[in-house]
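Undergrad: Quick one: structure below, then a few questions.
There are 2 protein chains.
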Amino acid sequence: MTKVEINPRITAYPMPVVIVGATVDGKPNFMAVAWFTKVNSNPPMMLIAVGKKQYTGEGIKANKTFSINLPGKNLVVETDYVGIVSGRKEDKSRIFDVFYGDGTTPMIKECPLNYELKLVDTVEVPGSNLFIGEIINAYVDQEKIQGHQPDLLAIEPFMLVETPANHYYPLGSQLADAFKVGKALSTEK
Amino acid sequence: MTKVEINPRITAYPMPVVIVGATVDGKPNFMAVAWFTKVNSNPPMMLIAVGKKQYTGEGIKANKTFSINLPGKNLVVETDYVGIVSGRKEDKSRIFDVFYGDGTTPMIKECPLNYELKLVDTVEVPGSNLFIGEIINAYVDQEKIQGHQPDLLAIEPFMLVETPANHYYPLGSQLADAFKVGKALSTEK
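See below:
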């Protein structure tokens, strides 16, 4: 196998897509985010990377709260829209039914899974603010629950793939059992 | 749609899986990581969340360098193995061909895409160290390149889905064009 050096700026992994909600200038605003990850189990924390010029970031800094909403593939057009248009220019909340749970953070009713987070830390890198939030509430559509857990297969999330071209992809067919198939390679029997 | 509150500790999004490499105690070590994200474009930076007790974290702290290797679905057993067994107990480097590129960071030849990173910041959350690295080199298998970019579809990455059960999934069939389909919803014509 010959390895070839490529431009390290190319992002080449499948990125799950969520919609981040925040109150900005007194109004609910939403933006698509593909740069995020869980970072802590207990208490549960997630991190999102938001460009320093993004309108949503202003609301997160001001209110110290944000939401993470997981869209199903039926919302791919809406999700793409809130990723390409700034809340500075258009009122993006008009395309969703907004709800607030127990708190003051705008969430999206049409998204089957909603996390409400309080900001616990902000880390700066050159172009982004990394907002670390603790999940204080989680909501799921009743019909997308299986045994007290959200059924991710029923939610039908999708991923952003940037190479070879910018497209969204859903999950395919089950490949293997996690935390199990690898036991075969252990030297401990 | 009725929203139901669930335990906020449940992680419910599809998590792409990579294998992180580091030199620990003078030997190459690898671990599967599903908590990571890109965080900056220029210079390109990625963040990985590693449990504080993980063996790999010791090597990253000591050497201030790590690699991120993207496995294809043909490596699902190997990837699962390096996620469930600690390098403290078993020599996990024995199952891969290790290469070093221009630097001193162990990378996995069988993974079609390899990033070499230098540690630029470490952020602590209660249970994890968040290692932020700048990508200093990127390598791709020659036959997985299309127009100077890694062809992610040819690489065949996979995602960890934890709910309703722990399974790995590849990508499905193309859903929509990114940064394009959402334009239909813009109020600016």
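Chains as they are written, first to last, in my numbering: chain A, 1 to 189; chain B, 1001 to 1189.
Idealized CB from N, CA, C, for every residue including glycine.
This one's a predicted model, so the numbers in the text were calculated from it and none came from an experiment.
1. Using CA coordinates, which residue listed in Lys92(A), Leu47(A), Gly83(A), Ser41(A) is at the minimum distance from Leu119(A)?
2. From the beta carbon of Gly147(A), is the nearest beta carbon of chain B less than 8 Å away?
3. Run through chain A and tell me which residues come within less than 9 Å of Asp1177(B), C-beta to C-beta.
4. What is the DSSP secondary structure of Asn29(A), reduced to helix, strand or coil?
5. My guess is that Val1004(B) and Ile145(A) are in contact by the Cβ rule of under 8 Å, so how many angstroms apart are they, rounded?
6. How would you label His1148(B), buried or exposed, when you count the other beta carbons within 10 angstroms and need 16 or more for buried?
7. In the DSSP output, which residue or residues are listed as bridge partners for Thr2(A)?
8. At a CB-CB cut-off below 9 Å, which residues of chain B make contact with Asn42(A)?
9. Would you mind telling me which residues of chain A sit closer than 8 Å to Asn1137(B), beta carbon to beta carbon, in chain order?
10. With contact counted as at least three CB pairs below 8 Å, one residue from each stretch, are the region 1052 to 1061 of chain B and the region 1082 to 1089 of chain B in contact?
11. For the region 36 to 66 of chain A, which residues have a CB atom closer than 8 Å to at least one CB atom of chain B, in sequence order?
12. Can you pull the DSSP bridge partners for Val123(A)?
13. Indicate whether Met1159(B) and Leu171(A) have their beta-carbon atoms separated by less than 8 Å.
14. Could one say the Cβ of Lys1118(B) lies closer than 8 Å to chain A's Cβ atoms, at least one of them?
15. With distances taken between CB atoms, is the gap from Leu1113(B) to Ile1155(B) smaller than 8 Å?
16. Spell out whether any CB of chain A is found under 8 Å from the CB atom of Pro1071(B).
17. Given Pro1028(B), which residues of its chain have a CB within under 7 Å of its CB, disregarding the five upstream and five downstream residues?
18. Nearest-angstrom Cα distance between Val1076(B) and Pro1016(B)?
19. So which residues of chain B does Thr2(A) contact, with C-beta pairs closer than 9 Å?
20. How would you list, in chain order, the residues of chain A whose beta-carbon sits under 8 Å from the beta-carbon of Met1159(B)?
21. Among Phe30(A), Trp35(A), Pro44(A), whose alpha-carbon lies nearest the alpha-carbon of Ile60(A)?
22. Using a Cβ-Cβ cutoff of less than 6 Å, which residues in the same chain neighbour Ala49(A) once the five nearest sequence positions on both sides are dropped?
23. Can you tell me the Cα-Cα spacing of Glu1277(B) and Pro1071(B), whole angstroms?
24. Looking at the structure shown, is Lys64(A) part of a helix, part of a strand, or coil, going by DSSP?
25. What is the DSSP secondary structure of Val82(A), counted as helix, strand or coil?
26. Let me know the secondary structure DSSP gives Ala184(A) once reduced to three states.
27. Output yes or no for whether 8 Å exceeds the beta carbon distance between Ile1132(B) and Val1039(B).
28. So, helix, strand or coil for Gly21(A), using DSSP?
29. How big is the Cα-Cα spacing for Thr1023(B) and Glu116(A)?
30. Judging by CA-CA distance, which residue of Asp177(A), Ala32(A), Val140(A), Ala62(A) is the nearest neighbour of Thr81(A)?
31. Reducing DSSP to helix, strand and coil, say where Leu1175(B) ends up.
32. Measuring straight from C-alpha to C-alpha, what distance separates Lys183(A) and Asp25(A)?
33. Hey, how far is the Cα of Ser1041(B) from the Cα of Ile10(A)?
34. Closer than 6 Å by C-beta to Thr65(A): which residues in its own chain qualify, once you throw out the five before and the five after it? Chain order, please.
35. What span of residues does the alpha helix (DSSP H) with Ala1154(B) cover, start to end?
TA: Once the coordinates are examined:
1. Leu47(A)
2. yes
3. Asp80, Ala165, Asn166, His167, Tyr168
4. strand
5. 6 Å
6. exposed
7. Thr2(A) pairs with nothing; no bridge assigned.
8. Arg1009, Pro1126, Gly1127
9. Glu5, Pro8
10. yes
11. Phe36, Thr37, Lys38, Val39, Asn40, Ser41, Asn42, Pro43, Pro44, Met45, Leu47, Ala49
12. Leu130(A)
13. yes
14. no
15. yes
16. no
17. Gly1021, Ser1093, Val1098, Pro1106
18. 12 Å
19. Asp1141, Gln1142, Glu1143
20. Pro14, Pro16, Met159, Leu171
21. Phe30(A)
22. Trp35, Ser128, Leu130
23. Lying outside 1001 to 1189, the shown extent of chain B, residue 1277(B) is not represented and no answer is given.
24. coil
25. helix
26. helix
27. yes
28. strand
29. 38 Å
30. The amino acid at residue 81(A) is misidentified as Thr; the sequence shows Tyr. Taking only the C-alpha atoms, the option nearest Tyr81(A) is Ala32(A).
31. coil
32. 52 Å
33. 9 Å
34. Thr105, Lys118
35. 1152 to 1155
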